[in-house]
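Position in the sequence shown counted from 1, then plus 9, gives you this note's numbering. I have placed the structure first, in the form of C-alpha cells, so that the comments after it can refer back to it.
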Amino acid sequence: MAIIGGGPLCTYALERLAALLPGIDHRPNVRISVFDATGLFGSGATHAQNQSPTNYMNRTASQITFAADDLIDGAGPLLPRALRPTFAQWAQSRYAATGDSRFDLGPCDVPRRYLHGIALGERFDLYVSKLRSLERLEVLLLHAEVADIAEVPEGNGLCLQISGSSRHFRADQVLLVTGHSQNRPAAGSLAARLQGHAEDNPPVRFVMQPYPLETQLPLDAPPPGARVALLGMGLTAVDVILHLTEGRGGRFEPKTGEAFPLQSYVPSGQEPSVIIATSPSGMFPWCRPRNLKARDPSGDDHATFEHRGVFLTHEAVRTLRHAVGTAAIGGDGQPLQIDFEHHVFPLVVLEFAYLYYSVAGGDALAQDICDTVADRYQAFLRVGCKSAEAAIDWLLEPIDLCFGKKLSTLSISAERFDWRAVFYPLGSPEDGGSPWAERVVAFMRRDILAAAEGNLSNPLKAACDGVWRDLRAVLSEAVDFGGLTPQSHQLFRDVHLRLYSRMSNGTGQEAMSKILALIEHSLVDVSMGPGPTVLPAAETSSFSVVNRWTGETKSVDFVVKAIAHPFDLDLDVRPLYRNLLRRGLVRRWRNRGATREEDFIPGGLDVTHDFHSVRANGKVEPRLTILGAPVEGVAFFQLSAARLGSPVLAKASNWAKACVDIMLHEQFAAGSEAHNAAGD
C-alpha cells in the first residue's frame with residue numbers, strides 16, 4: 010500500500026489499518042509506504058506544529074477526533090477506547106502530564122491550529138508504532154514528493170516515481186490524500202496582472218499564496234506601516250489579519266464596559282497601517298456559536314443534540330427527485346437531477362424557520378408549525394416551484410400567521426423570522442442607509458453576542474448550526490455526483506455554498522471578536538462594500554482598491570490573495586495529477602449538459618462513490634483511491650477535521666477495509682491454488 014500525503018487523512022487511514030490488520034491470521038508480507046512532500050507526518054502543512062500560533066481551528070475541542078468509532082457503519086474492529094480520545098480529552102491528558110497551560114482546553118473551546126498539529130503528530134506516531142509491531146509488516150515514511158504514477162508493465166501493480174530522483178516504489182493500492190496545493194496564476198487573469206505589476210514595480214508585492222504565514226508574510230513583508238489589501242474575507246483572511254497584528258506583538262484586552270467576549274486592541278507598532286479587506290460579499294464569516302452540543306469532552310453528547318431534519322430530509326430530496334427530476338445527459342446509472350435553487354433551497358429556509366421558532370417558542374410552537382405547514386409542504390414536494398422566492402414566501406406564510414397568533418400566549422423574546430434579513434443581513438449598498446462599514450460592525454457585534462448564547466439557546470444560531478451543519482448529509486445527497494442539473498450545480502457552488510460557508514463555517518468567538526476589535530481600531534478597513542476591484546494603479550507603482558458602489562479609490566502597496574486555492578489540474582504547481590491525466594489514469598469530472606458548451610466542470614477528478622479513480626476510457630481504476638481536495642466539487646464537504654461518526658473517517662475506513670479485503674481474497678486464491686496443485 011502507498012499513501013501519498015501524510016496529513017490528517019493519512020492519519021485516519023493508518024488508524025484503521027492499525028485496528029484491522031492485527032486481526033488477520035496468516036497475513037502476507039505487507040509494506041505501507043507513506044510519502045509527504047513537507048515531511049510533516051501526521052499534521053501535514055495545514056495543521057503544522059510550527060505554524061503561526063495565531064491560527065485557529067473552526068470547531069470545538071470535543072468535536073475533533075482522530076479515530077473511527079461505533080457511529081461509522083461497518084468500521085470493523087475499533088481500537089480500545091483509551092486510544093481513541095477526542096482532541097479535548099487528549100489536551101486535558103497533556104495538561105495533566107505537563108502543566109502546560111496551552112493544553113488546558115475545555116470541551117467547548119476552539120483550539121489553536123498548531124495544537125491540533127501536535128495531536129495529529131502524536132496519533133500518527135502511535136498508529137505507525139502499532140503497525141510496526143506486527144510481524145511481516147513494514148512501514149516506510151518518505152519525505153518526498155511523488156511526481157508520477159505509472160502502471161507496472163508486467164503485473165497488476167502501480168509504480169510511483171519520486172520527484173527529482175530515479176527511485177521508484179511499487180504499490181498494489183494507492184491512496185491519494187494530497188490536501189491543499191497551490192496554483193499558478195492563470196494566464197490573463199487578475200492574479201497574473203497583479204503579479205506582473207508587482208514584479209515590474211518593486212518593492213510593491215503580490216502574494217499569491219499566504220501559507221505558510223511565517224515565511225510568506227514575515228516581519229518585513231509587509232513592513233510595519235505598509236498599506237495592505239486582502240482578496241478574500243474568509244478563514245484564510247482571518248489567519249492573515251491575526252498574523253499581521255497579534256502575531257507582531259499586538260494584544261487584545263476585554264473591552265471596558267462591554268459584554269463578554271467583546272475586546273479592544275492594543276497595537277505594537279509593528280502592524281501594517283491598514284488592512285483593507287475585500288470580497289464579493291463584503292462580509293467576514295459569521296461567528297460560530299458556543300457549542301452547547303459538545304459539552305461532554307468525549308463528544309458523545311453531540312449525537313444526542315444534533316438536529317434531525319423535519320422538512321429538509323433525505324426522504325424529501327428523494328421525493329423531489331422522483332417527482333420533478335430530469336434525466337442526466339449521458340448519465341447511465343445517475344440519479345434524476347434536480348435544481349437546488351428551486352427544489353432544495355426553499356426547504357433549507359423552511360427548516361431554518363422551523364428550528365428558529367422551535368428554540369424561540371418551544372415544542373408546542375414547533376408542533377403547531379408542523380401542523381400548519383403540512384399541506385403546503387406536501388404540495389411542494391409533488392411539484393417543486395419555478396420561483397424560489399415565491400415558494401419560500403408561500404411556505405412561510407402559514408408559519409408567520411401561526412407565530413402571530415401564539416405571540417400573545419407564549420413567552421417569546423425572538424423577532425419574527427424574516428428570511429431575507431437572515432440570509433442577507435447587510436442588504437445592498439444601493440439600499441441607502443448607513444455606510445457599509447457601520448453595517449458590518451453593527452452586524453458583527455450582534456452576531457458575536459448571539460454566538461455567546463450558544464447553538465441550543467439562540468434561535469438564529471441554532472438554525473445556522475442545526476440546518477447548515479447538522480444536515481450536511483442531506484445537502485450532499487441533493488448535490489453530490491451529479492445530483493443537480495449543470496446550471497444548478499454551478500449556481501450552488503457560486504451562491505448557496507458561499508451562504509453555507511459564510512453563515513456556518515466561520516471560526517469561534519475569540520477570533521471573531523479580535524477581528525471586530527481591529528475594525529473598530531481602524532486597522533482593518535471594511536468600508537469598500539461588496540465586490541470592490543483591486544487593480545494595478547495606472548499612474549503609479551502601487552495597487553488601487555476601487556469601491557464599485559461609490560467610485561472611491563484607495564492605494565495599497567501589498568496585496569495578498571487570502572483564499573484557499575481550489576484544486577485545478579491545469580494550474581496546480583504539483584505535476585502529479587497532470588501526469589496521471591496524461592497517462593489516462595484519471596479524468597476530469599463533468600456534469601454534462603445538452604451540449605458540450607453547457608457542461609459544468611467544477612474542477613475535481615471523476616471518481617466512483619467509493620472514490621476510486623475513473624480512467625480516461627471510462628473504466629474504474631480500483632487501485633487508485635482519491636480523497637479530499639481533488640474531488641471537491643464532485644462531492645462536497647470533503648475538507649474538514651474528523652469528528653465522531655464523520656464521513657471523513659468513514660471514507661478512510663472504507664479504503665482500509667477494501668485493502669484488507671483484497672489481501673484476504675488474494676490469500677484465499679493463493680491457498681486454493683496451492684491446494685489444487687497438491688491434489689494434482
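Yeah, the Cβ is synthetic: ideal placement off N, Cα and C, and Gly gets one too. Because the structure is a prediction, the values reported are computed rather than measured.
Asked	Found
Cβ shell of G166 (< 7 Å), same chain only, five flanking positions each side left out	R179, A180, D181
The alpha helix (DSSP H) enclosing A70, as first and last residue numbers	It is not in any alpha helix (DSSP H) - A70 carries neither H nor E in the DSSP assignment.
8 Å Cβ cutoff met for L222 and V249	yes
Simplified DSSP state of E262, which is helix, strand or coil	strand
As assigned by DSSP and simplified to three states, the class of P194	coil
Proximity winner among P289, E406, P94, A546, relative to L135 (alpha-carbon distances)	P94
Selected residue, minimal CA-CA separation from V392, among P631, I33, H352, Q343	H352
Close Cβ partners of A520 (< 8 Å) along its chain, the five nearest in sequence each way excluded	Y65, V119, V247, L251
Simplified DSSP assignment, three categories, for N600	strand
Bounding residues of the beta strand (DSSP E) (the contiguous stretch that carries P545)	542–545
Three-state secondary structure (DSSP) of Y220	coil
Pair within 8 Å by beta-carbon distance, D619 and N663	yes
Where G15 falls: helix, strand or coil (DSSP)	coil
Neighbourhood of R448 by C-beta distance below 6 Å, restricted to the same chain and skipping five residues each side	L435
Assigned exposure category for H674 - 16 Cβ within 10 Å defines buried	exposed
Runs of alpha helix (DSSP H) lying entirely within the stretch 469–548, each at least 4 residues, in chain order	481–488, 495–500, 506–513, 518–529
Cβ contact (3+ pairs, closer than 8 Å) linking the stretch 567–575 and the stretch 590–607	no
Assigned exposure category for F269 - 16 Cβ within 10 Å defines buried	exposed
Extent of the continuous alpha helix (DSSP H) run through V247	244–253
Sub-8 Å separation of A77 and L87 beta-carbons	yes
Cα-Cα separation between D402 and S564, rounded to whole angstroms	44 Å
Host alpha helix (DSSP H) of F314 (start-end)	309–314
Proximity below 8 Å, CB of P31 to CB of R121	no
Contact set for D377: own chain, Cβ-Cβ below 6 Å, skip 5 residues either direction	C411
Every unbroken beta strand (DSSP E) inside the stretch 23–95 [3 residues or more]	39–44
Nearest neighbour of P444, chosen from H323, T328, N556, A70 [CA to CA]	N556
Closest by C-alpha distance to A460, when choosing among P631, S437, Q170, Q518	Q518
Secondary structure of P211, DSSP reduced to three states	coil
Extent of the continuous beta strand (DSSP E) to which L140 belongs	Careful: L140 lies outside any beta strand (DSSP E), inside the alpha helix (DSSP H) at 122–141.
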